[in-house]
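Peer 1:
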Amino acid sequence: MSLRLVGNIPAAIGVLDLQGGVHEHLEHLERLGVAYKRVKQVGDFTNLAGLIIPGGESSCISRLLNFFGIKDVLLESHRRGMKIWGTCAGAILLARKVVGETACLNLINITVERNGFGSQLDSFVSEAILPDVAAEPIPLTFIRAPKIIDAGPDVKILLKIDDYIAAAENKSVLVTVFHPELTGCLALHRYFSSKCGLNPAISGNNYIDPLWKNSSWTKYAGI
Amino acid sequence: MDAKRYELNVQLAQMLKGGVIMDVTNVEQAKIAEEAGAVAVMALERVPADIRKDGGVARMSDPSMIAAIKKSVTIPVMAKARIGHFVEAQILEALRIDYIDESEVLTPADEECHIDKTKFSIPFVCGARNLGEALRRIAEGAAMIRTKGEAGTGNVVEAVRHMRTMNREIRQLIQMPVEEVTGFAKANGIPYELALKVKELGRLPVVNFAAGGIATPADAALMMQLGCDGIFVGSGIFKSADPAKRARAIVKATAYFNDPQKVLEASMDLGEAMPGLEISQIPPEQILAGRGW
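Respectively, the protein sequence lines represent chains W and Z.
To convert, note that position 174 of the first sequence is 174 in the working numbering; the numbers rise steadily by one, no gaps.
Count along the second sequence starting at 1, add 223, and that's the number in the working numbering.
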């Protein structure tokens, strides 16, 4: 009989805590009842079933990924089965091609155009149904958002609007150019948890949490 | 500005958290800032240290210079309007930059009124020395706050003072029974509903960056440990010996503010920091933080 180590089953979802909308994702994972942690150091990658790369400035986060060796351990964790979800800037970092720039992580076969809508004055909200994610319409928040302008045959498109793709996935990577963490909607966090093989403790009738407020993130931030 | 637009503007600032916003005066500096990992650039003709040195009236920068910078980077571009100068703000909104800083670094255009920021769709960041000032600006429609510090000095002492003052007042508010809030709000010139909101949240309802005097990675990490959400660096980068290196170092120290080993690494071999100014050596009428109320 061979010896087996127990207790190392990946059980948590990490949020990459380098820059950007970190608190907002932590808050949603807490609301969903999924184990979560901040990921900032090389050592934080142990036992992660999934990692969320939040919105922020992709050019900043890509530098920070390189400064302290985080990028290598992130890629290694992905090879070992860790799933990754990128929102907005996170989607840019995960893309195979970025228009006019060098790609960063190259983990999903999409082409992204940074800042695809214009300035902050062009940021907007809308809603749409993503049939694979939830039956009800999902509120969508676009902030200086990128556009996914092309996707390879190995990529499943979850939402297409006009001339661009707003959500897509492959086996191990999910990308959304909008920000579910800036709405009360937990559907995409639930969807990603399932992709990671985790079952949220809170079951899902309320697809929009009525207790969520736009200031809910402040609980996770300093004074 | 409708409620949804305001929420989107607050949320853009949320996406800047943990980052560094850098003053730049031309396209070349903007590119250096972006390359170093800045989350946004503040486009202006002269950094605060030069405004201080040159004297005279400091106004909104030439829009063509701001437009050139906007064209050269993909990160958000901010620019400054004078306190109360709502037409400069209208021009910056028409230019479709991402954020306006109604800034005491420029010469105020109105000594009584700040801009009514609710009339705009574009977001505003405003400076504050204490909780009351921050909440008055939020009541006027600011979507983001920064401590004023004392710009152009390379001396972090005023930024620390303003951050500590704000923290102290927030703690007082958290601890006091609700019936005392009315008096506290009155004494500090705080709109009552916002005082209650801060009491409930235990912090400002919008993102608060530190500004005014940050010159080293250690300064940035200090302000982050005091609880601010991110950092503005004005003169500190492009008045130093090696701007690209210092910019990168401040980005690293801001992200890893709680990790002395990494702040140490970031602080190595940066060359000369900008020359510093002792606050007591500045004539009182040249103190920028006293502009606005």
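Using N, Cα and C, we set each Cβ at its ideal position, and we do this for glycine too.
Does the distance from the CB of Ala443 (chain Z) to the CB of Thr477 (chain Z) come in under 8 Å?
Peer 2: Within the second sequence, residue 443 (chain Z) is the residue found at index 220, counting from 1. Within the second sequence, residue 477 (chain Z) is the residue found at index 254, counting from 1. Yes, these two residues count as a Cβ contact at 8 Å.
Peer 1: May I have the straight-line CA-CA distance separating Ala302 (chain Z) from Arg31 (chain W), to the nearest angstrom?
Peer 2: As a position in the second sequence, residue 302 (chain Z) is number 79, starting the count at 1. As a position in the first sequence, residue 31 (chain W) is number 31, starting the count at 1. Cα to Cα, the separation comes out at about 38 Å.
Peer 1: Take Leu493 (chain Z) and list the residues in its own chain whose beta-carbon comes closer than 7 Å to its own, dropping the five residues that flank it on each side.
Peer 2: Taking the first residue of the second sequence as position 1, residue 493 (chain Z) is located at position 270. The residues are Asp465, Lys468, Arg469, Ala472.
Peer 1: Taking only beta-carbon atoms, is Ala304 (chain Z) less than 8 Å away from chain W?
Peer 2: Position 81 of the second sequence, counting from 1, holds the residue named residue 304 (chain Z). Ala304 (chain Z) does not count as touching chain W.
Peer 1: Within 10 angstroms of its Cβ, does Arg80 (chain W) collect 16 or more other Cβ (buried), or is it exposed?
Peer 2: As a first step, residue 80 (chain W) must be located in the first sequence, where it is residue number 80. Flag for Arg80 (chain W) reads exposed.
Peer 1: If we call anything under 8 Å between Cβ atoms a contact, is Tyr36 (chain W) one with Leu26 (chain W)?
Peer 2: Working through the first sequence from its first residue, we reach residue 36 (chain W) at position 36. Working through the first sequence from its first residue, we reach residue 26 (chain W) at position 26. Against a cut-off of 8 Å, the Cβ pair of Leu26 (chain W) and Tyr36 (chain W) comes out as a contact.
Peer 1: Where do the ends of the alpha helix (DSSP H) carrying Ser193 (chain W) lie?
Peer 2: Indexing the first sequence from 1 puts residue 193 (chain W) at position 193. From DSSP, the alpha helix (DSSP H) with Ser193 (chain W) extends over 187–195.
Peer 1: With 7 Å as the C-beta to C-beta threshold (strictly closer), list the residues of the region 447–467 of chain Z near chain W in chain order.
Peer 2: The region 447–467 of chain Z vs chain W, Cβ under 7 Å: Gly450, Asp452.
Peer 1: Quick check: what's the CA-CA separation for Val98 (chain W) versus Ala259 (chain Z)?
Peer 2: Here residue 98 (chain W) refers to the residue found at position 98 of the first sequence. Here residue 259 (chain Z) refers to the residue found at position 36 of the second sequence. If I take the Cα positions, the gap works out to 19 Å.
Peer 1: Name, please, each residue of chain B whose Cβ falls closer than 7 Å to the Cβ of Gly55 (chain W).
Peer 2: Given the protein chain composition of this structure (W and Z), no chain B is represented.
Peer 1: Are the CB atoms of His179 (chain W) and Cys104 (chain W) nearer to each other than 8 Å?
Peer 2: As a working mapping, residue 179 (chain W) is identified with position 179 in the first sequence. As a working mapping, residue 104 (chain W) is identified with position 104 in the first sequence. Not a contact, by the Cβ cut-off of 8 Å.
Peer 1: Looking at chain Z, is there any beta carbon in it that lies within less than 8 Å of the beta carbon of Leu74 (chain W)?
Peer 2: Translated into the one-based positions of the first sequence, residue 74 (chain W) becomes position 74. No, Leu74 (chain W) lies away from the interface with chain Z (no Cβ there is under 8 Å from its Cβ).
Peer 1: For chain Z, is any of its Cβ atoms less than 8 Å away from the one on Leu5 (chain W)?
Peer 2: Along the first sequence, one-based indexing puts residue 5 (chain W) at 5. With a pLDDT of only 48 at Leu5 (chain W), under the threshold of 50, the placement of this residue in the model should not be trusted; the figure read from the coordinates follows. Answer no: the Cβ-Cβ gap between Leu5 (chain W) and chain Z never drops below 8 Å.
Peer 1: Can you check which of these residues, Z:Glu335, Z:Gly453, Z:Glu356, is closest to Pro414 (chain Z) by C-alpha distance?
Peer 2: Stepping through the second sequence from its first residue, residue 414 (chain Z) is reached at position 191. Checking every option, the nearest Cα to that of Pro414 (chain Z) belongs to Z:Glu356.
Peer 1: Beta-carbon within less than 6 Å of Tyr207 (chain W)'s beta-carbon, same chain only, minus the 5 sequence neighbours each way: which residues are those?
Peer 2: By 1-based counting over the first sequence, the position of residue 207 (chain W) is 207. If we look at Tyr207 (chain W) and ignore the five residues flanking it on each side, its Cβ neighbours are Ala134, Glu136, Ala187.
Peer 1: Just mark Ala410 (chain Z) as buried or exposed, buried being the case when its beta carbon has 16 or more other beta carbons within 10 Å.
Peer 2: Working through the second sequence from its first residue, we reach residue 410 (chain Z) at position 187. With fewer than 16 Cβ atoms within 10 Å of its Cβ, Ala410 (chain Z) is classed as exposed.
Peer 1: Closer than 8 Å, CB to CB, is Glu24 (chain W) near chain Z or not?
Peer 2: Residue numbering aside, residue 24 (chain W) sits at position 24 when the first sequence is read from its first letter. Closer than 8 Å: yes.
Peer 1: List the DSSP bridge partners of Ile165 (chain W).
Peer 2: Translated into the one-based positions of the first sequence, residue 165 (chain W) becomes position 165. W:Ile148, W:Lys160, per the DSSP bridge assignment.
Peer 1: Closer than 7 Å by C-beta to Tyr164 (chain W): which residues in its own chain qualify, once you throw out the five before and the five after it? Chain order, please.
Peer 2: Working through the first sequence from its first residue, we reach residue 164 (chain W) at position 164. Once the five neighbours on either side are set aside, the close Cβ partners of Tyr164 (chain W) are Gly116, Lys147, Ile148, Ile149.
Peer 1: Kindly indicate the opening and closing residues of the beta strand (DSSP E) around Asp246 (chain Z).
Peer 2: In the second sequence, the residue the question calls residue 246 (chain Z) occupies position 23. Per DSSP, Asp246 (chain Z) belongs to the beta strand (DSSP E) from 243–247.
Peer 1: Can you find a CB in chain W that lies within less than 8 Å of the CB of Ile320 (chain Z)?
Peer 2: Stepping through the second sequence from its first residue, residue 320 (chain Z) is reached at position 97. Chain W contact via Cβ: present.
Peer 1: Using a Cβ-Cβ distance cut-off of 8 Å, determine whether Gly21 (chain W) contacts chain Z.
Peer 2: On the first sequence, residue 21 (chain W) is found 21 positions in, with the first residue counted as 1. Yes, contact with chain Z.
Peer 1: Could you check how far apart the C-beta atoms of Gly242 (chain Z) and Val262 (chain Z) are, in whole angstroms? I think they sit under 8 Å.
Peer 2: For the purposes of this step, residue 242 (chain Z) is identified with residue 19 of the second sequence, where counting begins at 1. For the purposes of this step, residue 262 (chain Z) is identified with residue 39 of the second sequence, where counting begins at 1. That pair is a contact at about 3 Å.
Peer 1: State the Cα-Cα distance for the pair Ile13 (chain W) and Met446 (chain Z), rounded to the nearest angstrom.
Peer 2: Position 13 of the first sequence, counting from 1, holds the residue named residue 13 (chain W). Position 223 of the second sequence, counting from 1, holds the residue named residue 446 (chain Z). The straight-line gap from Cα to Cα measures roughly 29 Å.
Peer 1: Just reading off the alpha helix (DSSP H) that Leu75 (chain W) is part of, what are its end residues?
Peer 2: For this step, residue 75 (chain W) is matched to residue 75 along the first sequence. Segment 70–79, the alpha helix (DSSP H) holding Leu75 (chain W).
Peer 1: Quick check on DSSP: helix, strand or coil for Arg426 (chain Z)?
Peer 2: Position 203 of the second sequence, counting from 1, holds the residue named residue 426 (chain Z). Of the three classes helix, strand and coil, the one that applies to Arg426 (chain Z) here is coil, per DSSP.
Peer 1: I'd like to know whether the C-beta of Lys340 (chain Z) is nearer than 8 Å to at least one C-beta of chain W.
Peer 2: Counting from one through the second sequence, the residue named residue 340 (chain Z) turns up at place 117. Chain W, which has no Cβ nearer than 8 Å to the Cβ of Lys340 (chain Z), makes this no.
Peer 1: Short of 6 Å in beta carbon distance, which residues of its chain neighbour Asn109 (chain W), apart from the five on each side in sequence? Order them along the chain.
Peer 2: The residue you call residue 109 (chain W) lines up with position 109 of the first sequence. Once the five neighbours on either side are set aside, the close Cβ partners of Asn109 (chain W) are Arg96, Gly152, Asp154, Val155.
Peer 1: May I have the straight-line CA-CA distance separating Glu24 (chain W) from Asp209 (chain W), to the nearest angstrom?
Peer 2: The count along the first sequence starts at 1 and reaches residue 24 (chain W) at position 24. The count along the first sequence starts at 1 and reaches residue 209 (chain W) at position 209. Taking the straight line from one Cα to the other gives about 14 Å.
Peer 1: Does the beta carbon of Leu64 (chain W) sit closer than 8 Å to a beta carbon anywhere in chain Z?
Peer 2: As a first step, residue 64 (chain W) is located in the first sequence; it is residue number 64 there, counting from the start. Yes, contact with chain Z.
Peer 1: Does the beta carbon of Arg80 (chain W) come closer than 8 Å to any beta carbon on chain Z?
Peer 2: Numbered from 1 along the first sequence, position 80 holds the residue referred to as residue 80 (chain W). It does not: the Cβ of Arg80 (chain W) has no partner Cβ on chain Z nearer than 8 Å.
Peer 1: Straight-line CA distance for Lys233 (chain W) to Ala167 (chain W)?
Peer 2: Chain W is shown only over 1 to 223; residue 233 (chain W) falls outside these bounds and no answer can be derived.
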